[in-house]
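To start, the structure itself, in structure tokens.
Residue numbers (this note's numbering), protein chains in the order written: chain A, 5 to 685; chain B, 75 to 295.
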């Protein structure tokens, strides 16, 4: 038998599970454990990438029925182009992050045992691969839970701090509320597919061949969207994200933000396009509206953050929003039977999935390198790191440029394609949508601009200027494994930006599978140089030309400035004649975001206080000023506080049942028995 | 022995079992309680033997012997020892007063008869009439656990409940399979030992076996 892609993928999962089992044996030799475990996960990830890429380029599906599982309910695995594409996304970033981890995890040596980190890291990766491979509701949910539970243990890795435990608990609660919704959704689909009396509908094949009544399908879709949105961090279900991502070890945050959120996107695409298949346009509108909301609000919240990893977490909310915009547009176009536009919108969505995985992984790895070197997450304390960490700074800059949607990097391509999809919406037959969707394009443009501002802030405050903190740690550049991990991600960002036509031609199998139309013929009509999403007279973009143009300008500028002597002079900062300027007077994170906070202040819960020191002789000459600023999510107060209060109230009421007296408990059971006997006789 | 006579004997024994149950419900002395429990076990064992004889199910003889040895001799002996060691011969305190308990007990008996009426209609067994009494014994055992405050009386209530269940099994279906009965007997024995050990610990911790004391274990809000 010739091994096919699915055997490769299964082998990768098995390797990860075996690694998870064997790792505890090495717990006495931590250095060896790090090298072996993360080397093995890198190899397994490479295998998954090969399997996924192979499947997508072949464009067909393979299946395996495993004879394990519950009696009469075997597990089904299937590798089709959609699963293959997500396998590539997850595998690529896992590969980069695994290499990076070899260096990063060494930072924990001597402080705490990394055995649990290694074990759950393997389980986490295995869970993610299994989610995209699974072909029935049962194994999907099992893998989903493995993924959630393993990531919970990774978030709580540094469990001595109370904020970590709180964040992990919050993550656990939201993940499980979501999982319940997904479970119910599959229950509805399976029941409608085979009748509620039998279990045969639990396979995705049974759901694919069934036709669903609109009411049941809507219930299933809404439940699934709720559940997956909770995992993806769509506003207003995003609250766990900015708590859990900053406290997890940075390699884990890179994976959680870069690829774990994407499994939720996968779930939405799988359920709508593959399992339900026929849906009304307003499902797409719901996805689109929540996508827009997440994009705009996510980036605004990101701008307000001073914690580097928190900023990145909120930015993930924004990017998930952009991806959902693509998916939502694809759903609208599909329901109006415009397959070419639907293929374009879906391609933008999944292309952004790949891009976001690369640049957000890169950024989290960069933030991890900074954290590793400075032991500091607060940007207000950082600055000038470009001198000590040139590699990290350059790579982080590439991530920032990519995420801000600047050519020639990959973020530009997918956002540009999203705009193309938006601008083609006037061909929709519904006047309401014709009117509303261009407003969405405007919001997306706002998001792009704000994201650029946000990452100018992130890079500028962290790496430029001078050190802002009170005491200055000894900063060392990241070591080679970490650099290699980041360099690979940065290269991927660049290549995906320069050669989008090849990438889109490769991933065409996905819209081909789900919508029945591919983009390849029109997108690559002018060869690999030019990307023409619909027609060349509408819009076209050439990654290579733009890249070489920018490269030429940069080289010319460098030659002009650096080759001739005397063009660059280093002098002290001009302090406007004010004598005592010091490092604490630099532009910092809060001051950078202040204009935007003034304009969009009504969206946040802002508490700003300025207090003059008491030991001041006169108010006009304050000896000391105290400034405090708290910017908080309004969603927490609006949505979560009432739920929390209600559940505590309910718990107190139910708590009255607990009398602490055996007789009372016996009476409860006695009365229950009597009542049951009377009524169910 | 023909069926009619057997049915009479079984009914008579059932009446005695119920009587013992009521006796336990009102008995205030610890020793009296244990004696009543032993008597109940004896009647139970005889009735099991009779059922076994009439129905021709010989494994019921083993059950009967098991009941005799466990519930008439061994468990009362263990409880005796326990009471002597812990010096708790004093009168049993009740939560609800005695006449009230009796009235509730009578109501439970009537309720059980009402409940088992459909079973009596369709069953063809000799023992069908005593199913109601068996059920009443279970409920009275539970009632006893509720109305007493002393931990030792609660375990006697529990054991009385088990008696009722055993009685129900023999009267409704001519007994459970032997394996099951052996298992149940072993469980009861082990439960008695565990209770005994716990009582020692509770006694040393709280200086009393009054379960009211355990309300202190409740979590505060």
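Beta carbons: idealized from backbone N, C-alpha and C, even for Gly.
Source: prediction; values computed, not measured.
- Under the Cβ distance rule, residue 216 of chain B counts among the residues neighbouring chain A, one pair being separated by less than 8 Å.
- Between the segment 597-609 of chain A and the segment 305-321 of chain A, the count of C-beta pairs closer than 8 Å reaches three or more; the two stretches touch.
- Taking residue 477 of chain A as the centre and dropping the five residues before and after it, the same chain places the C-beta of 378 and 379 closer than 7 Å to its C-beta, in chain order.
- Between residue 335 of chain A and residue 276 of chain A, the C-beta spacing is below 8 Å.
- Comparing C-alpha distances from residue 284 of chain A to each of A:312, A:367 and A:339 shows the shortest one belongs to A:339.
- Contact between residue 388 of chain A and residue 470 of chain A holds: CB atoms are separated by about 5 Å, below the 8 Å threshold.
- Only exposed fits residue 171 of chain B, as fewer than 16 other CB atoms lie within 10 angstroms of its CB.
- The beta carbon of residue 612 of chain A sits closer than 6 Å to the beta carbons of 633 from its chain, once the five residues preceding and following it are set aside; these are given in chain order.
- Contact between the segment 76-90 of chain A and the segment 48-68 of chain A is established, with three or more Cβ pairs separated by less than 8 Å.
- At a cut-off of 8 Å between C-beta atoms, residue 233 of chain B does not count as an interface residue with respect to chain A.
- Contact between the segment 420-433 of chain A and the segment 513-524 of chain A is absent: fewer than three C-beta pairs spanning the two stretches fall below 8 Å.
- Taking 8 Å as the cut-off, the beta carbon of residue 325 of chain A is found no closer than this to the beta carbon of residue 356 of chain A.
- Assigned with DSSP and collapsed to three states, residue 665 of chain A falls in coil, not helix or strand.
- For a cut-off of 8 Å, the C-beta gap from residue 88 of chain A to residue 9 of chain A is around 7 Å, short enough to register as a contact.
- An exposed status is given to residue 668 of chain A, since fewer than 16 other beta-carbon atoms sit within 10 Å of its beta-carbon.
- In the DSSP annotation of this structure, the continuous segment of the alpha helix (DSSP H) that includes residue 101 of chain A starts and ends at 85-108.
- Around residue 219 of chain B, the beta-carbon contacts reaching into chain A at under 7 Å are 670.
- Residue nearest to residue 149 of chain A within the set A:321, A:122 and A:177 is A:177 (criterion: CA-CA distance).
- With respect to the C-alpha of residue 178 of chain B, the residue from A:640, A:680 and A:675 having the closest C-alpha is A:675.
- With a threshold of 8 Å between beta carbons, residue 674 of chain A makes contact with chain B.
- Check the Cα spacing between residue 301 of chain A and each of A:647, A:638 and A:655: the tightest is with A:638.
- The three-state reading of DSSP puts residue 78 of chain A in strand, counting E and B together.
- Within the model, the alpha-carbon separation for residue 606 of chain A versus residue 506 of chain A is close to 44 Å.
- It is roughly 19 Å from the alpha-carbon of residue 393 of chain A to the alpha-carbon of residue 109 of chain A.
- Residue 441 of chain A and residue 21 of chain A have their alpha carbons spaced roughly 46 Å apart.
- Looking at the DSSP output, residue 140 of chain A sits in a beta bridge with A:207.
- At least one CB atom of chain B sits nearer than 8 Å to the CB of residue 681 of chain A.
- DSSP places residue 616 of chain A within a strand segment (E or B) once states are collapsed to three.
- Within a 10 Å sphere around the beta-carbon of residue 577 of chain A sit fewer than 16 other beta-carbons, which makes this residue exposed.
- Secondary structure within the segment 388-440 of chain A: the alpha helix (DSSP H) runs of 4 or more consecutive residues, fully enclosed, are 389-392, 394-407 and 414-427 (chain order).
- Judged by DSSP in its simplified three-state form, residue 76 of chain B adopts coil rather than helix or strand.
- In the DSSP annotation of this structure, the continuous segment of the alpha helix (DSSP H) that includes residue 155 of chain B starts and ends at 149-160.
- The Cβ atoms of residue 448 of chain A and residue 423 of chain A sit closer than 8 Å to each other.
- Counting only residues of its own chain and dropping the five nearest sequence neighbours on each side, residue 121 of chain B has a CB closer than 6 Å to the CB of 84 and 87.
- Beta-bridge pairing by DSSP links residue 634 of chain A to A:611.
- Between residue 37 of chain A and residue 47 of chain A, the alpha-carbon positions lie close to 15 Å from each other.
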